[in-house]
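> Everything in the sequence shown is counted per the numbering used here, starting at -10 for the first residue and increasing by one.
Note that CB positions come from ideal geometry on N, CA and C, so glycine has one too.
Here's a structure for you.
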Amino acid sequence: MQAHPSIELYVNLNDEQQNKQVEQALSTINLDSVVINTLQLAGITLPVMLTLLITDDAGIQDMNKQYREQDKATDVLSFPLLEQPIVQAPEDQLWTPQIEEGAGAEQSTPAFVTPPGMLTNLGDIVISWPTILLQAQTAGHDHLTELIYLFSHGVLHLIGYDDQTEAGYQAMVGIQQAVLQTMGQKAYRA
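Below you can see the structure in the form of structure tokens.
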């Protein structure tokens, strides 16, 4: 049985009233179950923690510009803290570990090893609430279905999946659809 993950949740939209509306909507979803189901379907059984930030389009656009050099809003961003993927999958489905460049790269700081019994910090996920609402409306389903789908997508990125190849994209979509079905939602993307 998968241990319940530790999720630090932050909601940061335009105003306090919007924040409260989003927090109320989020309280109707078992975010732990999204993480647990995603990890189980990916074959990961480690006890984990992660951070989830729900923000607006301007907030996610700023992060997308700063960290990915893309000056546009997006639906979800993931910032893995792991140095390499922990999921066992074909190489063409995974992101490539970051290699430090320059003199002395071989003597870089050793990787942090999570002590036995401690939570593995997977990293951070940022999701745009206005984009969730828009994409849900466009797809003709509930915004909570879209949130589950994107949150699962973010978790998959944190553990090592990458959707920059067709194989990675298909693997991720398959797991995200299975998570939706496991949580009583109808899978909707192919």
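Identify every run of the alpha helix (DSSP H) within the segment 95 to 178, keeping only runs that are complete inside it and at least 4 residues long; order them along the chain.
If we require 4 residues or more, the alpha helix (DSSP H) runs fully inside the segment 95 to 178 come out as 118 to 128, 132 to 148, 155 to 171.
> Contact between the segment 133 to 144 and the segment 63 to 70 is defined here as three or more beta-carbon pairs at a separation below 8 angstroms; is this criterion met?
Yes: the two stretches touch, three or more of their Cβ pairs being nearer than 8 angstroms.
> Taking the alpha-carbon positions, what's the isoleucine 43 to isoleucine 116 distance?
Taking the first residue of the sequence shown as position 1, residue 43 is located at position 54. Taking the first residue of the sequence shown as position 1, residue 116 is located at position 127. Rounded to the nearest angstrom, the two C-alpha atoms are 5 angstroms apart.
> Report yes if the CB atom of lysine 54 is closer than 8 angstroms to the CB atom of aspartate 60, and no otherwise.
Locating residue 54 in the sequence shown gives position 65, where the first residue counts as 1. Locating residue 60 in the sequence shown gives position 71, where the first residue counts as 1. The answer is yes: Cβ separation under 8 angstroms.
> According to DSSP, tyrosine -1 sits in a beta bridge with which residue or residues?
Position 10 of the sequence shown holds residue -1. In DSSP, tyrosine -1 forms a bridge with Leu42.
> Measuring only the C-alpha atoms, how far is leucine 169 from aspartate 131?
Here residue 169 refers to the residue found at position 180 of the sequence shown. Here residue 131 refers to the residue found at position 142 of the sequence shown. If you take the alpha carbons of leucine 169 and aspartate 131, they lie about 12 angstroms apart.
> Taking buried to mean at least 16 other C-beta atoms within 10 Å of its own C-beta, is valine 144 buried or exposed?
Here residue 144 refers to the residue found at position 155 of the sequence shown. So valine 144 counts as buried.
> Beta strand (DSSP E) containing valine 65: first to last residue?
Taking the sequence shown and counting its residues from 1, one reaches residue 65 at position 76. Segment 65 to 69, the beta strand (DSSP E) holding valine 65.
> Where does valine 37 fall in DSSP's three states?
Here residue 37 is taken as the residue at index 48 of the sequence shown, counted from 1. Strand, per DSSP.
> Could you check the C-alpha separation between proline -6 and methionine 172 for me, to the nearest Å?
If you number the sequence shown from 1, residue -6 lands on position 5. If you number the sequence shown from 1, residue 172 lands on position 183. One C-alpha to the other measures close to 17 angstroms.
> What's the call for glycine 157, buried or exposed, on a 16-neighbour Cβ count within 10 Å?
Mapped onto the sequence shown, residue 157 falls at position 168. Classification of glycine 157: buried, given that the 10 Å Cβ count is 16 or more.
> Within a Cβ cutoff of 6 angstroms, which residues of the same chain sit near leucine 70, ignoring the five residues on either side of it in sequence?
By 1-based counting over the sequence shown, the position of residue 70 is 81. Closer than 6 angstroms at Cβ, skipping near neighbours: Asn110, Gly112.
> Taking DSSP's pairing of strands, which residues face leucine 83 in a bridge?
In the sequence shown, the residue the question calls residue 83 occupies position 94. Beta-bridge pairing links leucine 83 to Tyr150.
> Please report the Cβ distance between proline 36 and leucine 147, rounded to the nearest whole angstrom; I am assuming they are in contact, meaning their Cβ atoms lie under 8 angstroms.
Translated into the one-based positions of the sequence shown, residue 36 becomes position 47. Translated into the one-based positions of the sequence shown, residue 147 becomes position 158. Actually they do not touch by this definition, with Cβ atoms about 14 angstroms apart.
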